[in-house]
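Engineer:
2 protein chains.
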Amino acid sequence: MCELLGMSANVPTDIRFSFSGLMQRGGRTGPHRDGWGIAFYDGKGCRTFLDPQASAESEIASLVRRYSIKSCSVICHIRQATHGRVCLENTHPFVRELWGRHWSFAHNGRLKGIKRWPLEFYKPIGTTDSEHAFCWILDQLRARFPTPPKRTRALWHAVGELAERVNGLGIFNLLLSDSRCLYGYCSTELAWLTRKAPFGKASLIDTDLTVDFSKETTSKDIVTVIATRPLTRNEEWTVMKRDSLVVFRKGEPVFA
Amino acid sequence: MCELLGMSANVPTDIRFSFSGLMQRGGRTGPHRDGWGIAFYDGKGCRTFLDPQASAESEIASLVRRYSIKSCSVICHIRQATHGRVCLENTHPFVRELWGRHWSFAHNGRLKGIKRWPLEFYKPIGTTDSEHAFCWILDQLRARFPTPPKRTRALWHAVGELAERVNGLGIFNLLLSDSRCLYGYCSTELAWLTRKAPFGKASLIDTDLTVDFSKETTSKDIVTVIATRPLTRNEEWTVMKRDSLVVFRKGEPVFA
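Protein chains in written order, with this note's numbering: chain S, 1 to 256; chain D, 1001 to 1256.
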């Protein structure tokens, strides 16, 4: 299985602490040796770093670890290939444009038969079931909403409903963002945590690193981290129920 | 004006030599301080590095200079903002998917009134005239060819014709790739050079660096570099005629 990591924040926030923990699962404490990728939003812009190599050895991963890219919305994925060969075009997150927004997508799981679902506008570039599912979801959203719905809640409902349909084919743990909101759909495994004042210390499970967030933040900062499994040992993570959706905006859950 | 750099090769080739010269134009020997970006293809996959900062000071640029990413097709752009503020979503190259291929696009020039041209499927994320032109070209290709044309030459003709129409609005020096071919359209300034056996030495104009390609290549390698202005002082560059198109595949011109 792959590892997912997402972040939603109300101010541009450095994700390096959580990233350091996750990257250990890429070949060192975990079996996820088949590439990794990360998408950072900066306003409407989106920048991705993709690497088909094991993250624990990747030069690009070490750049991301060293170099502070602050963002309000991040999606990260470490791959253990189950379907589709190990190559750049099969590396998550996948990105497409809809309504003049970058949508990014990362998936953990397996979807039997998704490739028989017809696609209209978006076509996969690689061969994963994940990218096919992403194209299908965007196709459905585009058909339902030729322009972005005025009631954001209608979009949240639609994403939840589409994720549920895809989930009927197998396992569909999902992170999705359109730069404004971060969506997490839990098929089997997904947990999240919101940090806000008063901030304390947090210690990673996968590597010997502790951060005192009270020294790194202001009292107004609100940051949510979502991951396949909890990344820290001394904080209270919300383990999501199976078959449930959560939506974050500016660091806080707005829909669940 | 912005600076463009593209590469087409028959074997995965390191672009760092040309990139080093170009990056000097980003804030040191040139006025292009408003960001830069590069897209590398690896098979059907495409990876971009985007930075709204001046390239001569960018940490990501220094990673790209140090780290050998070999590719058969590259597009790079250094921006001097004329239209649209300096931010990530306005940083070239822009990327969209058509026919299950990543299309990447970088532009140098200015297009008056392009934003009044209607768009159907592809919508700009940023505010540049360039991204609007890119969306318009892909819209037209999609309308003309719902599936990729069997005769590749029909696609080359269509790209040339569409570039010519856009060029009617001002200055449209263009690099475009769909992973298979690299297109260069010269509105006012674009020059290219093919290196193949017997290889010799080349010296950059913008910085004190010489490479002996006979030590870096095999006799079968064919590599074309295309740029706004010649990058080396001791090689024979083909300076393109105004309002002309050239298409490269596997390092060689196939259509002009």
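Beta carbons are placed, not taken as given, at the ideal position from N, Cα and C, and that holds for glycine.
1. Who are the Cβ neighbours of Tyr185 (chain S) in its own chain at under 6 Å, not counting the five residues just before and after it?
2. Which residues of chain S have a Cβ atom closer than 7 Å to the Cβ of Pro1124 (chain D), listed in chain order?
3. Let's test the definition: count the other Cβ atoms within 10 Å of the Cβ of Tyr183 (chain S) and tell me whether it reaches 16, buried, or not, exposed.
4. Are the CB atoms of Phe134 (chain S) and Trp99 (chain S) within a distance shorter than 9 Å?
5. On the three-pair Cβ rule with 8 Å, is the stretch 32-51 of chain S touching the stretch 85-97 of chain S?
6. I believe Asp34 (chain S) touches Val86 (chain S) by the beta-carbon criterion, under 8 Å. Please report the beta-carbon distance rounded to the nearest angstrom.
7. Span of the beta strand (DSSP E) holding Asn1010 (chain D)?
8. Run down chain D in chain order and give the residues with a C-beta less than 7 Å from the C-beta of Lys115 (chain S).
9. Taking only the alpha-carbon atoms, compute the straight-line gap between Val1247 (chain D) and Phe1172 (chain D) and give it to the nearest angstrom.
10. Taking Cβ positions only, does Phe199 (chain S) come closer than 9 Å to chain D?
11. Return the CA-CA distance between Cys181 (chain S) and Arg1079 (chain D), expressed in angstroms with no decimal places.
12. Curious, which full-length alpha helix (DSSP H) runs of at least 4 residues does the stretch 1168-1227 of chain D contain?
13. How about Ile60 (chain S): is its C-beta nearer than 9 Å to some C-beta of chain D?
14. Which residues mark the beginning and the end of the alpha helix (DSSP H) in which Asp1051 (chain D) is found?
15. How about the stretch 1191-1206 of chain D and the stretch 1218-1226 of chain D: do they share at least three Cβ pairs that are nearer than 8 Å?
16. By the criterion of Cβ-Cβ separation under 8 Å, what are the contact partners of Phe1121 (chain D) in chain S?
17. For Gly76 (chain S), which residues does DSSP report across the bridge?
18. Using a Cβ-Cβ cut-off of 6 Å (strictly less than) and excluding sequence neighbours within five positions of Arg1249 (chain D), which residues of its own chain qualify?
19. In whole angstroms, what separates the C-alpha of Arg101 (chain S) from that of Lys201 (chain S)?
20. When you compare the CB of Cys1046 (chain D) with every CB in chain S, is at least one pair closer than 9 Å?
21. Measure the C-alpha to C-alpha separation of Leu1005 (chain D) and Ile1226 (chain D) and round it to an integer number of angstroms.
22. Rounded to a whole number of angstroms, what is the C-alpha to C-alpha distance between Pro118 (chain S) and Ile137 (chain S)?
23. Quick one: what does DSSP say Glu1260 (chain D) is sitting in, helix, strand or coil?
24. Check the DSSP bridge columns for Thr238 (chain S) and list the partner residues they point to.
25. Tell whether a beta-carbon distance below 9 Å holds between Ala1154 (chain D) and Ser1130 (chain D).
26. Within the 9 Å Cβ cut-off, does Asn1173 (chain D) reach chain S?
27. Can you tell me which of S:Ser203, S:Asp178, S:Thr218 puts its alpha carbon nearest to the alpha carbon of Asp42 (chain S)?
28. Does DSSP put Ser68 (chain S) in a helix, a strand or coil?
29. Looking at the C-beta of Phe213 (chain S), does it have a partner C-beta in chain D at a distance below 9 Å?
30. Could you tell me which of D:Trp1103, D:Gly1251, D:Thr1207 sits nearest to Met1023 (chain D), measuring between CA atoms?
Structural biologist: In this structure, then:
1. Ala163, Leu174, Leu245
2. For Pro1124 (chain D), the C-beta contacts it makes with chain S under 7 Å involve Gly100, in order along the chain.
3. buried
4. no
5. yes
6. 5 Å
7. 1003-1014
8. Correct list: empty, because the minimum Cβ distance to chain D is about 13 Å.
9. 16 Å
10. no
11. Rounded to the nearest angstrom, the two C-alpha atoms are 30 Å apart.
12. none
13. yes
14. Asp1051 (chain D) -> not in any alpha helix (DSSP H); beta strand (DSSP E) instead, spanning 1045-1051.
15. yes
16. Phe121
17. Sequence check: residue 76 (chain S) is Cys here, not Gly. For Cys76 (chain S), which the question treats as bridged, DSSP gives the partners S:Leu5, S:Ile38.
18. So the list reads Cys1181, once near-sequence residues are dropped.
19. 35 Å
20. yes
21. 6 Å
22. 11 Å
23. Outside the displayed range of chain D (1001 to 1256) lies residue 1260 (chain D), so it cannot be described from this structure.
24. DSSP, once it has assigned bridges, lists S:Trp192 as partnering Thr238 (chain S).
25. no
26. no
27. Ranked by Cα distance from Asp42 (chain S), the first of S:Ser203, S:Asp178, S:Thr218 is S:Asp178.
28. coil
29. Phe213 (chain S) does not count as touching chain D.
30. Considering only alpha carbons, the answer is D:Thr1207.
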